[in-house]
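Here is the structure we will look at.
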Amino acid sequence: MKCRLCGGNDLSLYYTQGSEDQFRFYKCSRCELVNLDLTGLNLIEHQEKYATEYLDPDDPFINRGSLASYQFIRRHLPKPGRFLDVGCGNGALLAAAQREGWNVRGLELSEFLAQNVRERFGVEVDVSDFLTWRPTDSGFDLVSLRHVLEHLPNSLGAMGSINQLLRMGGHALLEFPNIEGISFNVKRSLAKVGLHKKRYADSWRPGHCNEFSRNSFRYLAEETGFSVKVWETYAYSPIKNFLYNHIPIGTKARVLIEKIETLP
Ligand SMILES: [Zn+2]
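Just so you know, the sequence shown maps onto residues 6 to 269 in our numbering.
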């Protein structure tokens, strides 16, 4: 197989998942992307089901992730502008930004969630897949995509879409797993020597098809007209979060990139 990011063909088996180790992830020696071998897999079947419950956007525990994302935005982009949250969920991130002067808009796959966010916050939310959504008024100052990138086979296409939605000099906030996080590394090492084996139900299917590290994400960003401004890792527990913000070894990455080039 070829690497889905750089097209390289020097890939080696990195780890497996599933009850019979049937899901195989290969790491590219050139760009370091970890690629799930999609041969014979039906990805649509693997993705999580749409939400049927509207989680309270005012609950600080439920929304700790969105609140942390907003703190990050505020720290790095103190001047509000036009903000699009792709996959806005219950709207907690949009609401936090709106309270501080951002002009916000949401995009959601679920009409149920979209309708709840419209009613609760009076925010415009379109129901669409961002890969095909083309508003007449793009040129956003900020676009966020949290815990989506790793689910999409075509990461170059996804980043190309974000590029088109932004103005030149605009920013994107992305969050995704950091496959080189220390606890992932420890688990993989233990699995190799047979000391740690995660059990999977027979029906278990992987949700992620591309796993990024600092290097492979930088490769992706630079190929699609972006410059990486901030790369940090985070956790929900305050002590781990403090540590991982300062030493980027956490299993979740939060990045800020700037559009420096319009793609042809
Ligand atoms: Zn590659």
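Backbone N, C-alpha and C define an ideal beta-carbon position, used for all residues, glycine too.
On a predicted model such as this, the values are computed, not experimentally measured, just so you know.
Counting other Cβ atoms within 10 Å of its Cβ, I244 stays below 16 and is therefore classed as exposed. Between N159 and K257, the CB-CB gap reaches or exceeds 8 Å. Residue pairing by DSSP puts A258 in a beta bridge opposite F181 and T238. Proximity to N168 across K197, K264 and R193 peaks at K264, based on C-alpha coordinates.
Counting along the chain, F217 sits inside no alpha helix (DSSP H), nor does DSSP assign it H or E at all. Looking at the DSSP output, E113 shares a beta bridge with V132. Counted as a single uninterrupted DSSP element, the stretch harbouring S143 is not any beta strand (DSSP E), since DSSP gives it neither H nor E.
Looking at the DSSP output, Q22 shares a beta bridge with F28. Judged by the Cβ position, C8 qualifies as a neighbour of ligand 1 at the 7 Å threshold, a heavy atom of the ligand being closer than this. Linking V128 to N215 through their CA atoms gives a straight-line distance of about 32 Å.
One alpha carbon belongs to G255, the other to R139, and they sit about 35 Å apart.
In the DSSP secondary-structure assignment, C11 is not bridged to any residue.
With a cutoff of 8 Å on beta-carbon distance, V109 and F88 are scored as near each other. Nearest to A206 by alpha-carbon distance, out of S115, S17 and Q27, is Q27.
Ligand 1 never approaches L161 closely enough for any of its heavy atoms to be under 7 Å from the residue's Cβ. F222 sits in a helix when the DSSP states are folded into three classes. About 6 Å separates the Cβ atoms of L99 and F126, confirming a contact at the 8 Å cut-off.
A residue is called buried once 16 or more other Cβ atoms fall within 10 Å of its Cβ, and E37 is buried on that count.
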